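Novice: Sharing a structure, written as structure tokens. Questions coming.
Encoded structure:
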């Protein structure tokens, strides 16, 4: 068995072991398992069946992540994209009035376009043309972005009318369930950091389990009430999850079953609305995937000296096939997940990490009630620590050269502030081109970089 894993995934070449890869895969899964609950909740707003979407989400994640391992031998996991699922449900379906079947068809077409771009190496060329400092900045920006997400998941920060966000109140009579969750997340972060300082194997996974266990104890002793911490794990819940198998065809295989008003079949393909929708999916997915691959690969030490990612075509093929495949199964755009960084930090370096995550997504169909029991505040410490690891390459950047440093800085801060990896890359490329053009540093500007700049500008001023 060991020889099979070594021959398939080249573990020694990547200085890793089977145990490390398995733990990394479990850590990645726990960090992104929330999508199994969130995606059905969002897409059900478009009129789709929750049970069918849950199964489609699990199957699309399994399919895409397994393809990532097969095509590229990278430890990256895929799942339906947060953000694009909201665009799918609330913009395309609710605001624009199209059916969810039509939206699935748009996602399917987007995946086919991605496949064409991947086979012809256009996506690879776009990836390679992004300057190396901006690639490193993408990883750092994602680190801050992940930490910001973790703070929200842990209720450490919350909405505020005047300042947009504010810190959770942790004292006196205002100590709510959210406040307890925030305290548990802080304690879990400290515990995880201590385990890392002691070089304990699987420290991040242990941190998740310890934080979850502490939450269960707090609820059992009546410290606070929170059904989301200990969900119903009765036989009835498992039967309900198993019963969702019957709802699979409620959302699957519907990409050709749509119409809009008096138009049906393929009449809408030639409409400006369809082109706009497909381009919106395409644009966000393309640069979100590039940003995620750049940042996570940089953290894993997988980039070459000149900033290229070997076998990137395989990663893009997995991404594009997962998108079209996910649409057929009945879910929105499937893409590479930034939470893959959690597994990378835990030591994952090969496709065995991805295979482990993929298998867990497949099993999640049956064990959904148990796997969804892990609360968001329990995974928050892992994401906070991952954010720390992601920002460490900042010491490698040259801040003495303003032509390089300012675009790097903008790339980093826009990602968490705009809540978008795509916007971070967009602003980074635009500012890189504009500033170095003014400074007449032509060697830093390639034709494709300039083309990307105009595409990003068109997106902001003409298409939004």
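Numbering (my numbering), first residue to last: 97 to 560. Every residue, glycine too, gets a C-beta built ideally from N, C-alpha and C. All values reported here derive from a predicted model rather than from experimental measurement.
1. Which residue comes first and which comes last in the beta strand (DSSP E) that contains residue 255?
2. Can you give the beta carbon distance from residue 446 to residue 119, rounded, assuming they're within the 8 Å contact cut?
3. DSSP state of residue 261, grouped into three classes?
4. Who are the Cβ neighbours of residue 411 in its own chain at under 8 Å, not counting the five residues just before and after it?
5. DSSP state of residue 229, grouped into three classes?
6. Just the Cα atoms here: how many angstroms apart are residue 135 and residue 160?
7. In its own chain, which residues sit with a C-beta less than 6 Å from the C-beta of residue 452, not counting the 5 before and 5 after it?
8. What separation, rounded to the nearest whole angstrom, lies between the Cα atoms of residue 444 and residue 498?
9. For residue 102, which residues of its own chain have a beta-carbon under 8 Å away from its beta-carbon, when the five flanking residues on both sides are left out?
10. Count Cβ pairs between the region 223-236 and the region 390-409 that sit closer than 8 Å; are there 3 or more?
11. Let's test the definition: count the other Cβ atoms within 10 Å of the Cβ of residue 563 and tell me whether it reaches 16, buried, or not, exposed.
12. Distance check for residue 400 and residue 387, CA to CA, integer angstroms please.
13. Can you give me the C-alpha to C-alpha distance between residue 293 and residue 182, rounded to a whole angstrom?
14. Tell me which same chain residues have a C-beta within less than 6 Å of the C-beta of residue 508, skipping the five on either side of it?
15. Once the 5 residues before and after residue 251 are set aside, which same chain residues still bring their CB inside 8 Å of it?
16. In angstroms, rounded to a whole number, what distance separates the CA positions of residue 124 and residue 535?
17. Can the beta-carbon of residue 471 be found closer than 8 Å to that of residue 303?
18. Between the Cα of residue 210 and those of 522, 301 and 385, spot the shortest distance and give me the residue it belongs to.
19. Considering Cα atoms alone, identify which of 215, 442, 522 and 491 is closest to residue 413.
20. Taking Cβ positions, are residue 440 and residue 501 nearer each other than 8 Å?
21. Can residue 378 and residue 206 be called in contact, C-beta distance under 8 Å?
22. Determine the direct distance from the alpha carbon of residue 286 to that of residue 361, and round the result to whole angstroms.
23. Taking contact to mean at least 3 C-beta pairs separated by less than 8 Å, is the region 221-228 in contact with the region 419-438?
24. For residue 422, which of 175, 115, 116 and 195 has the nearest alpha-carbon?
25. Taking 6 Å as the limit between beta carbons, can you name the residues of its chain near residue 381, skipping five residues before and five after?
26. Which term fits residue 554, buried or exposed, when burial requires 16 or more other beta carbons within 10 angstroms of its beta carbon?
27. Which of the three DSSP states is assigned to residue 129 in this structure?
28. Looking only at DSSP bridge pairs, what is residue 175 linked to?
29. In this structure, does DSSP put residue 504 in helix, strand or coil?
30. For a test of the three-state rule: what should DSSP assign to residue 491, helix, strand or coil?
31. Sort 231, 245, 314 and 545 by Cα distance to residue 128 and report the nearest one.
Specialist: If we stick to the structure as given:
1. 253-256
2. Rounded, the Cβ-Cβ distance is 13 Å, inconsistent with contact.
3. strand
4. Excluding positions up to five away in sequence, the list reads 164, 167, 168, 170, 172, 389, 405 and 432.
5. In the structure shown, residue 229 falls within a helical segment according to DSSP collapsed to helix, strand and coil.
6. 16 Å
7. 118 and 121
8. 35 Å
9. 108
10. yes
11. Nothing in the structure corresponds to residue 563, since the chain is present only between 97 and 560.
12. Here the alpha carbon of residue 387 sits roughly 16 Å from the alpha carbon of residue 400.
13. 39 Å
14. Hits under 6 Å: 233, 236 and 237.
15. Sequence-distant partners of residue 251 (beyond 5 residues in either direction) whose C-beta falls short of 8 Å from its own C-beta, in its chain, are 264, 274, 275, 277, 278, 281 and 473.
16. 43 Å
17. No; because the gap between Cβ atoms is not below 8 Å, this pair is not in contact.
18. 385
19. Out of 215, 442, 522 and 491, the CA that lies nearest to the CA of residue 413 is found in 215.
20. no
21. yes
22. Residue placement at residue 361 is poorly supported in this model, since its pLDDT is 47, which falls under 50; the coordinates still yield a value, given next. Computed Cα separation, rounded: 56 Å.
23. No: fewer than three Cβ pairs fall under 8 Å.
24. Per the Cα distances, 175.
25. Spatial neighbours of residue 381 in its own chain (CB-CB distance under 6 Å, excluding positions within 5 residues in sequence) are listed in chain order as 429 and 431.
26. exposed
27. coil
28. 431
29. helix
30. helix
31. 245
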